[in-house]
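Q: Sharing a structure below in structure tokens format, with a few things to ask.
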Amino acid sequence: MQVISKQGTRCPMEGKPRDYITDTEPQDVPESTYYLRLIDDGSLLRVMDEQPVKAGKAPKAL
Numbered sequence: 012m013q014v015i016s017k018q019g020t021r022c023p024m025e026g027k028p029r030d031y032i033t034d035t036e037p038q039d040v041p042e043s044t045y046y047l048r049l050i051d052d053g054s055l056l057r058v059m060d061e062q063p064v065k066a067g068k069a070p071k072a073l
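Structure below.
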């Protein structure tokens, strides 16, 4: 899942306390209890992937 910190804050990475998730760039993280708890308390925000719609050929009429 991808997360970003609440604006104006930063959150330490799980197992890497000197590396931070910031409010400028989404980070890929596992769905662990640590990150789910930070999402639940509002420190992190989950970023939803927008799936681009692929342009394709229209099906032929019969």
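Letter by letter, the sequence shown follows residues 12 to 73 of our numbering.
All residues carry an ideal CB built from backbone N, CA and C; glycine is no exception.
(1) Taking the alpha-carbon of threonine 20 as reference, which of Val14, Asp52, Ile32, Gln38 has the nearest alpha-carbon?
(2) If you measure between the beta carbons of leucine 56 and lysine 17, is that distance less than 8 Å?
(3) How big is the Cα-Cα spacing for isoleucine 15 and valine 58?
(4) Counting along the chain, where does the alpha helix (DSSP H) carrying aspartate 51 start and finish?
(5) Roughly how many angstroms separate the alpha carbons of leucine 49 and proline 41, rounded to a whole number?
A: With the structure as the only source:
(1) Ranking the options by Cα distance to threonine 20, first place goes to Ile32.
(2) yes
(3) Cα atoms of isoleucine 15 and valine 58: separation of roughly 7 Å, rounded to the nearest angstrom.
(4) 44 to 51
(5) 13 Å
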